[in-house]
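Colleague: Using the working numbering, you'd call the opening residue of the sequence shown number 299 and step up by one each time. Built from N, CA and C at the ideal position, the CB exists for glycine as well. Remember, predicted model here, so these are calculated numbers, not experimental data.
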Amino acid sequence: MNKIIAIVGPTGVGKTKLSIELAKIFDGEIINADSTQVFRGLDIATAKVTEQEKENVVHHLLDIKDVTDNYTVYDYQKDARKCIDEILNRKKTPIVVGGTGLYIKALFYDYKFEDESIVLNNYEQYTNQELYDKLLLVDPNTKIHINNRKRIIRALNYYEQTNQPLSGKEVTNKQLYDVIYIGLTTDRETLYNRINKRVDIMVSDGLLDEAKNIYKSNIRTKAILTPIGYKELFPYFENKCSLDECLEHIKQNSRRYAKRQYTWFNNQMMVKWFNVDFDCFNNTINEIQEYIKNVKN
299 MNKIIAIVGP TGVGKTKLSI ELAKIFDGEI INADSTQVFR GLDIATAKVT
349 EQEKENVVHH LLDIKDVTDN YTVYDYQKDA RKCIDEILNR KKTPIVVGGT
399 GLYIKALFYD YKFEDESIVL NNYEQYTNQE LYDKLLLVDP NTKIHINNRK
449 RIIRALNYYE QTNQPLSGKE VTNKQLYDVI YIGLTTDRET LYNRINKRVD
499 IMVSDGLLDE AKNIYKSNIR TKAILTPIGY KELFPYFENK CSLDECLEHI
549 KQNSRRYAKR QYTWFNNQMM VKWFNVDFDC FNNTINEIQE YIKNVKN
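#1: Which first and last residues belong to the alpha helix (DSSP H) in which residue 382 is found?
#2: Check residue 576 in the structure and name its three-state DSSP category.
#3: Terminal residues of the continuous beta strand (DSSP E) containing residue 392?
#4: Mapping the DSSP letters down to three states, classify residue 535 as helix, strand or coil.
#5: For residue 585, which of 314, 481, 444, 535 has the nearest alpha-carbon?
#6: Please report the residue range of the beta strand (DSSP E) in which residue 246 lies.
#7: Spatial neighbours of residue 566 within its chain, please: C-beta separation below 7 angstroms, excluding the five flanking residues on both sides.
#8: Return helix, strand or coil for residue 588, following the three-state DSSP convention.
#9: On the criterion of 16 or more Cβ atoms from any shown chain inside 10 Å, does residue 443 qualify as buried, or is it exposed?
#10: Measuring straight from C-alpha to C-alpha, what distance separates residue 301 and residue 436?
#11: Do you know offhand how far residue 558's Cα is from residue 434's?
#12: Once the 5 residues before and after residue 424 are set aside, which same chain residues still bring their CB inside 6 angstroms of it?
#13: Pull the bridge partners of residue 304 from the DSSP assignment, please.
#14: Are the CB atoms of residue 526 and residue 551 nearer to each other than 8 angstroms?
#15: Taking the CB atoms as reference points, tell me whether residue 303 and residue 393 lie closer together than 8 angstroms.
#16: Is the segment 356-368 close to the segment 509-525, with three or more CB pairs under 8 angstroms?
#17: Sorted by chain position, which residues of the same chain lie with C-beta nearer than 7 angstroms to residue 334's C-beta, five sequence neighbours on each side aside?
#18: Alpha carbon to alpha carbon, what distance is there between residue 455 and residue 381?
#19: One question on the structure: do residue 397 and residue 326 come within less than 8 angstroms of each other, judged by their Cβ atoms?
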């Protein structure tokens with residue numbers, strides 16, 4: 299089986315640019331692994347690759363859903379694995395790029411997900427305590443908190459589908475694909491400065507208009523509330539906070555998210571990390587290219 303390249307790392311380190319260059323070098327096609335970029339209309343705040351930036355490289359799983367649609371890890375796993383199979387059949391290199399760690403782990407590892415579109419019971423008539431008591435009857439080893447209603451309902455539905463407790467669900471580290479994990483990193487001060495600057499660039503690129511249109515739509519689905527950059531501006535549109543306060547909130551949340559991304563990838567995957575040369579990005583590309591060639595050989 300041909301090797302797959304996965305490019306991971308925190309927001310703002312150049313994953314998109316690297317993926318384009320590696321696709322040109324290794325005859326690749328890119329598979330998006332950012333949970334917010336699958337949705338149409340969420341462009342600037344999600345730092346979605348533009349048509350110009352794509353440089354005619356084929357991209358998959360971008361703009362495939364409306365913001366009113368539900369799109370789960372189960373859906374992504376199914377869709378992205380299909381993309382991998384099709385790309386490999388074309389004798390090309392799949393290049394998976396993004397910062398959503400769970401998407402990447404679910405894609406490459408033997409994770410079993412139930413079809414979350416199948417909801418057997420929403421348990422609207424039950425209180426949290428009553429739901430929790432029901433869960434304890436079928437899954438006494440559950441670690442789910444009594445107030446996490448959504449997960450309790452999921453666990454009960456899982457039991458109804460499988461007749462097995464969710465707490466006993468096998469978690470495996472068995473990898474199904476031959477993957478080269480490339481991580482981009484830099485020192486914290488540089489990363490935070492880049493994140494702050496990127497938010498300012500987003501504003502000049504039209505972030506306020508994009509967020510205002512979303513605000514006016516009154517759509518408040520998970521697709522809208524998950525990305526950093528929209529909900530933080532709602533108080534500004536409601537005259538509750540100044541623009542500077544809201545933009546600082548975006549920057550702060552982005553920095554915190556980057557920190558969580560580092561933690562996830564370091565704990566979950568065997569990533570080969572490369573310090574990015576932002577003064578001459580070609581140096582980083584060349585270093586990673588040589589590494590991949592040596593691994594392939």
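Modeller: Let me lay it out:
#1: Looking at the DSSP string, the run of the alpha helix (DSSP H) that includes residue 382 is 371-387.
#2: It is coil, neither helix nor strand.
#3: That run of the beta strand (DSSP E) goes 391-395.
#4: Helix, per DSSP.
#5: A check of alpha carbon separations from residue 585 across 314, 481, 444, 535 identifies 481 as the nearest.
#6: Any property of residue 246 remains undetermined from this structure, which presents the chain solely from 299 to 595.
#7: Around residue 566: 399, 403.
#8: Here DSSP, grouped into helix, strand and coil, assigns residue 588 to helix.
#9: That one is exposed.
#10: Between the C-alpha atoms of residue 301 and residue 436 there is a straight-line separation of about 42 angstroms.
#11: When rounded, the distance between both Cα atoms is 31 angstroms.
#12: Once the five neighbours on either side are set aside, residue 424 has no close Cβ partner at all.
#13: Paired residue(s): 394, 479.
#14: Yes, Cβ-Cβ distance for residue 526 and residue 551 is below 8 angstroms.
#15: Result yes, Cβ atoms of residue 303 and residue 393 sit closer than 8 angstroms.
#16: Contact holds: three or more Cβ-Cβ distances are below 8 angstroms.
#17: Counting only residues of its own chain and dropping the five nearest sequence neighbours on each side, residue 334 has a CB closer than 7 angstroms to the CB of 340, 344, 524, 525.
#18: A direct Cα-to-Cα measurement between residue 381 and residue 455 gives close to 29 angstroms.
#19: Judged by beta-carbon spacing, residue 326 lies beyond the 8 angstroms limit of residue 397, meaning their Cβ atoms are not closer than that value.
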